[in-house]
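> Structure incoming, see below.
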Amino acid sequence: MPMSGPYGSSSPDRSAEQQLWARFLAGEEPAFDALMTTYYRPLFRYATRFSRDKEFIKDCIQDLFLYLWERRASLRADVMLKPYLMASLRRYMHRHLPGATPATELSDDKTQLFDFEFSVEEQFIDQETTFHRSRHMQQLLQTLPRRQKEVVYLKFFQEMEREQIAEVMDIAPQTVSNLLQLALKHLRQYWKIELLTLLVVHFNLF
Amino acid sequence: MKRYLQYRIEDFVWDQAFRQWVLLPTRETDARWQQWLAEHPDKVALVAEARAMVQSLQLRELPLSDQEIRYAVQRTLGQARKQQAPFIPDADGPVRRLPFYQHSWFRMAASLILIAGLGLWAWTVQLPSRLSALMRPDFSYDQLTGTRQPMLTETVNRTGKVMPVKLTDGSLVILKAGSRISYVPGFRSREVFLSGEAFFEVTKNPARPFLIYANGLVTKVLGTSFLIRAYPKDPEVIVEVKTGRVAVFAQTDPQASRKMSDRELDGVVLTPNQKIVFERSEVRLSKSLVADPQVVAGPAQRFSFDDTPLPTVFATLERAYGVDIVYDEELLANCPLTAELADQPLFEKLDVICRVIEARYELIDGQIVINSRGCKP
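Line by line, the protein sequences give chains U and W.
Reminder that position 70 of the first sequence reads as 70 in the working numbering, one-by-one numbering, no gaps.
Adding 1000 to a residue's 1-based position in the second sequence gives its number in the working numbering.
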């Protein structure tokens, strides 16, 4: 597959990332360009969990970068860039989502804004059984509690480390590990049950 | 890699190293996994299935092309340049004795003068633009439709979803949520006023051109399909052509009325996969390609090249996408390309080709321009 597949945006290594951020803070326009280009797709993908309005997301990302650029003199140099940008975007979007009030800000537990939709892309599948299994995995993912789902998403679909996930979700690293363990346990446990029922269904049918 | 011997399918699916090999393979990881599979042939089927599962399980994404990203970044950079505050030196160093300019009486007087000066400056600087705003005709939707006699028929899409609107001449308008169109009752003249975004499929009738007015931009068609984005608050109007040809020109164009009634397509003519951006404040039109050019109708293309000379490759792409590709024919005549480019969008196809011949491409005025120094001997 070409470089820009759905997962083609792995983050650059730490030191290059830090240099880029330092140059951004120093007010270099090429760094602005490179930074925004590098992180646009991961930020956009993350933002689609809060809104399905493409133009709104684009506006938010634009405003976020303009805001950072304007305040660059007062920003910290030693941040973990990707989680920092994602957390900032999340806060910004929550404040500006239609119907958001200062009270709903950040309290997404109540507002249920975090909306994942997993899908099964059939072009990768050439066997019926694989398709069924993928569908089962998808449905299992869908049944995960919201925070577990978010951890799974950040870990496996944004390829983030434990510390980075903690930063984005604003929780302790240990909590990340706990949530991840719970999620994987849930996925494995129900996977077996589902598999059994799948077999039973098959035997009944044939 | 011992632990993988015990793995069941779900363990593979949620193993980070495995996922990385499937989704972002490197030469090293690929070699390692291929070797492991060679040593454990009984695991081949299991791994193949886990692979398919990892690949197929995705998050439902909104489509976003690289072109869209490039455009968004450029736009943001432009905004950032505009905002760039003038350089303000930091606060003064330690002060021993107050110089005259730091006494309060001086400061007060100075600020009064400054305020008066700023006021005068703002007044003089803004006056021309205010005057021109007064004199510039207003081509907004409300202005255009409000003054028409007899009253126009208006369709407003309040459904929150896209809404198809069938016009009496057989043309179809797919109206985006929150957008509106107006036209003469019964659609006796093929004229539509648009506020917002809509996709048009216009029935062919060369004798009666179809005109769309959108924020000062006139789009004229004889029969084709295309998209117009003209929200009241947007500083620009965008027209993207899917099939056929359309002409666009500003409503302020001195020859606008002739261009509208002609049976010819005057003005800037757009062909499939081209788009125009109309800057409302500057009445400027700039042509480019749409974000993700689609194959235009015609015989199915396979885009599989085997030692094919580049000019032939480019000719194939030009035909398939209806785009112009500009390159030095002499320089590239002897460069062969072997590649399978069936499934990528056009710009990714170009990326692959350019990587092979160590070239770059640019979009200039709706054309693709290849910059190359020829292929290696």
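Don't be surprised by glycine CBs; every beta carbon is placed ideally from N, CA and C.
1. Would you say U:F65 faces chain W, with C-beta separation under 8 Å as the test?
2. Under 8 Å, with one C-beta from each stretch per pair, do the stretch 124-144 of chain U and the stretch 1061-1079 of chain W reach the 3-pair mark?
3. If you run the structure through DSSP and keep just helix, strand and coil, what is W:Y1231?
4. Is the stretch 23-38 of chain U close to the stretch 1036-1044 of chain W, with three or more CB pairs under 8 Å?
5. Closest to W:R1208 by C-alpha separation, out of W:Y1141, W:R1190, W:G1146, would be which residue?
6. Less than 8 Å between CB atoms is the rule here; does U:E17 satisfy it with respect to chain W?
7. Using a Cβ cut-off of 8 Å, pull out every chain U residue sitting near W:Q1079, in sequence order please.
8. Taking any Cβ of chain U, which residues in the stretch 1039-1065 of chain W have a Cβ under 8 Å from it, in chain order?
9. Using beta carbons (cut-off 8 Å, strictly below), is W:E1010 in contact with chain U?
10. Do the CB positions of W:Q1301 and W:T1312 come within less than 8 Å of each other?
11. According to the neighbour-count rule (16 or more other Cβ atoms, all chains shown, within 10 Å of its Cβ), is W:M1151 buried or exposed?
12. Of all Cβ atoms in chain W, is any one closer than 8 Å to the Cβ of U:R41?
13. Count the other CB atoms, across all protein chains shown, that sit within 10 Å of the CB of U:E150; report buried if there are 16 or more and exposed otherwise.
14. Determine contact between the stretch 155-167 of chain U and the stretch 140-147 of chain U, defined as no fewer than three beta-carbon pairs at a distance below 8 Å.
15. Determine the DSSP secondary structure at W:M1053, reduced to helix, strand or coil.
16. Counting Cβ pairs, one atom from each stretch, are 3 or more of them under 8 Å apart for the stretch 1228-1241 of chain W and the stretch 1274-1281 of chain W?
17. Which runs of the alpha helix (DSSP H), 4 residues or longer, sit entirely within the stretch 1019-1045 of chain W?
18. How many Å lie between W:V1054 and U:E121 at the Cα?
19. Give me the residue from W:E1340, W:Y1183, W:T1224, W:A1072 with the minimum Cα distance to U:T37.
20. So, helix, strand or coil for U:W191, using DSSP?
21. What runs of the beta strand (DSSP E), each 3 residues or longer, lie entirely inside the stretch 1273-1360 of chain W?
22. Closer than 8 Å is the cut-off here; do at least three beta carbon pairs connect the stretch 1194-1206 of chain W with the stretch 1166-1176 of chain W?
23. Confirm the yes/no value for this check: CB of U:L35, any heavy atom of the ligand FMN, distance under 7 Å.
24. Buried or exposed for W:E1362, going by 16 or more other Cβ atoms inside 10 Å?
25. Contact criterion: CB-CB distance below 8 Å. Does W:A1230 meet it with respect to chain U?
26. Assuming W:V1296 and W:I1368 form a contact by the criterion Cβ under 8 Å, report the distance between their Cβ atoms to the nearest whole angstrom.
27. How would you call U:W191, buried or exposed, if buried means at least 16 neighbouring beta carbons within 10 angstroms?
28. Quick one: grab the DSSP three-state call for U:A16.
29. Could you say if the stretch 1249-1264 of chain W and the stretch 1026-1036 of chain W meet the contact criterion of at least three C-beta pairs nearer than 8 Å?
30. Can you have a look at U:P42 and say buried or exposed, based on whether 16 or more other CB atoms are within 10 angstroms of its CB?
31. Taking only runs that begin and end inside the stretch 138-186 of chain U, name each unbroken alpha helix (DSSP H) of 4 or more residues, in chain order.
32. For the stretch 17-37 of chain U, which residues have a CB atom closer than 8 Å to at least one CB atom of chain W, in sequence order?
33. CA-CA distance, W:P1272 and W:F1012?
34. Determine the extent of the beta strand (DSSP E) in which U:P83 is found, giving its start and end residues.
The structure says:
1. yes
2. no
3. coil
4. no
5. W:R1190
6. no
7. Q62, L66
8. E1049, A1052, M1053, Q1055, S1056, L1057, Q1058, L1059, R1060, E1061, L1062, L1064
9. yes
10. no
11. exposed
12. yes
13. buried
14. no
15. helix
16. yes
17. 1027-1039
18. 10 Å
19. W:A1072
20. helix
21. 1274-1279, 1284-1289, 1304-1309, 1336-1340
22. yes
23. Absence of the ligand FMN is noted for the structure shown, with no ligands found whatsoever.
24. exposed
25. no
26. No, W:V1296 and W:I1368 are not in contact; Cβ-Cβ is about 15 Å, not under 8 Å.
27. buried
28. helix
29. no
30. buried
31. 146-152, 162-169
32. E29, F32, D33, M36, T37
33. 45 Å
34. Run containing U:P83: none in the beta strand (DSSP E); it sits in the alpha helix (DSSP H), 81-96.
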